[in-house]
Amino acid sequence: MTLSHSRHLFIEFTYTQKTEEFAGSVRNGLEFYGGVPERLNLDNLKAGVIKPDLYDPKLNRTFQELVEHYGTFADPCRVATATDKGKVERMVPVSRELFRFLRHTHPAAGLIELNRLSRDWCLNTYGMRNHGTTHEKPKEVFEAVEKATLKPLPAERFEITKWKQATVGPDQFLQFEYKYYSMPAKYVGRRLWVRKRDRMVGIYEEFIKLREYVIPQGRWAYLP
Numbered sequence: 001m002t003l004s005h006s007r008h009l010f011i012e013f014t015y016t017q018k019t020e021e022f023a024g025s026v027r028n029g030l031e032f033y034g035g036v037p038e039r040l041n042l043d044n045l046k047a048g049v050i051k052p053d054l055y056d057p058k059l060n061r062t063f064q065e066l067v068e069h070y071g072t073f074a075d076p077c078r079v080a081t082a083t084d085k086g087k088v089e090r091m092v093p094v095s096r097e098l099f100r101f102l103r104h105t106h107p108a109a110g111l112i113e114l115n116r117l118s119r120d121w122c123l124n125t126y127g128m129r130n131h132g133t134t135h136e137k138p139k140e141v142f143e144a145v146e147k148a149t150l151k152p153l154p155a156e157r158f159e160i161t162k163w164k165q166a167t168v169g170p171d172q173f174l175q176f177e178y179k180y181y182s183m184p185a186k187y188v189g190r191r192l193w194v195r196k197r198d199r200m201v202g203i204y205e206e207f208i209k210l211r212e213y214v215i216p217q218g219r220w221a222y223l224p
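Counted from 1, the sequence shown has number 171 at position 171 by the numbering used here; the numbering is strictly sequential.
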């Protein structure tokens with residue numbers, strides 16, 4: 001993440017680009033800055049944007065929940081238009097080289113330690129040297145000017161969720177993560193949304209919750 005005015009930088013390494021990891025990194029980035037910008041300009045990766053569209057993009061439901069929780073606006077870039085995200089795009093090779101450097105200098109470090117070192121580098125190395133475009137130190141500009149323009153973080157931390165669609169089979173069960181959840185007979189053949197948070201699974205038809213289960217120890221969950 002790069003803030004557009006100060007160019008204050010946040011880099012976090014993850015194992016994958018899955019929805020949960022992407023949402024977690026965005027959450028961690030906002031907490032790193034201690035506030036929320038009016039707008040999030042993002043690429044059209046599937047973890048954020050399911051269907052790109054100039055006027056009405058379809059957001060990933062987990063990312064949509066995150067945007068609503070923080071009260072910000074998601075503004076996906078136009079397809080194949082790198083200039084829409086130039087400030088952060090040019091930091092991709094920097095992030096890659098930082099990862100190689102940290103792996104070389106701290107060969108025994110795991111992902112948590114590498115991300116701690118990355119935050120320290122963003123604050124005290126990159127943040128305290130003159131930016132090539134602004135000719136000012138990103139961290140100093142952020143603290144002096146930009147931080148005050150950010151909206152405060154919500155009182156509650158965003159809880160990472162996972163959404164997935166599943167079809168109710170002829171036996172009245174739908175499958176999600178190798179477990180089976182029962183539904184009334186009228187939903188047989190319908191494609192519903194499954195929302196996982198912590199140890200709970202909710203089943204929705206669009207935005208209407210139909211049922212909610214504690215994730216079972218075995219493979220089957222149903223009402224008597």
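Glycine included, each C-beta is placed from N, C-alpha and C at the ideal position.
Mind checking whether residue i and residue j have CB atoms under 8 Å apart?
i, j, result
"Ser6", "Val92", "no"
"Val67", "Leu150", "no"
"Arg199", "Val214", "yes"
"Tyr181", "Val201", "yes"
"Ala74", "Leu59", "yes"
"Lys209", "Lys162", "no"
"Gly86", "His8", "no"
"Ala166", "Leu192", "yes"
"Pro154", "His69", "yes"
"Pro52", "Val79", "yes"
"Thr72", "Glu20", "no"
"Ile11", "Leu123", "no"
"Val88", "Met1", "yes"
"Glu113", "His106", "yes"
With which residues is residue i paired in a DSSP beta bridge?
i, result
"Thr167", "Arg191"
"Ile203", "Val194 and Arg211"
"Tyr33", "Answer is none; Tyr33 lacks a bridge partner."
"Asp75", "Asn41"
"Phe13", "Looking at the DSSP assignment, Phe13 forms no beta bridge with any residue, so it has no partner."
"Tyr286", "Residue 286 is absent from the structure shown; the chain starts at 1 and stops at 224."
"Lys162", "Lys196"
Go to residue i, then tell me how far its beta strand (DSSP E) extends in each direction, as first and last residue.
i, result
"Arg39", "Arg39 to Leu42"
"Phe158", "Taken as a continuous stretch (DSSP letters only), Phe158 belongs to no beta strand (DSSP E), as it is neither H nor E."
"Gln175", "Phe173 to Phe176"
Just curious, the alpha helix (DSSP H) that residue i is in, first and last residue?
i, result
"Lys139", "Pro138 to Val141"
"Phe101", "Val92 to Thr105"
"Phe145", "As written in the sequence, residue 145 is Val, which differs from the Phe given in the question. Where Val145 is concerned, there is no enclosing alpha helix (DSSP H), given that its DSSP letter is neither H nor E."
Can you tell me whether DSSP reads residue i as helix, strand or coil?
i, result
"Ile112", "helix"
"Thr62", "helix"
"Ala185", "helix"
"Tyr70", "helix"
"Ala23", "helix"
"Lys51", "strand"
"Thr2", "strand"
"Ala221", "strand"
"Lys85", "helix"
"Asp56", "coil"
"Gly132", "coil"
"Arg7", "coil"
Next on the checklist: When you compare the stretch 107-117 with the stretch 32-46, are there three or more beta-carbon pairs, one atom per stretch, that lie closer than 8 Å?
Outcome noted: no
Checklist entry - Using 8 Å as the Cβ pair cut-off and three pairs as the minimum, do the stretch 163-176 and the stretch 37-46 touch? => result no
Next on the checklist: Taking 8 Å as the cut-off, does the stretch 18-27 touch the stretch 120-134 (at least 3 CB pairs, one atom from each stretch)?
Outcome noted: no
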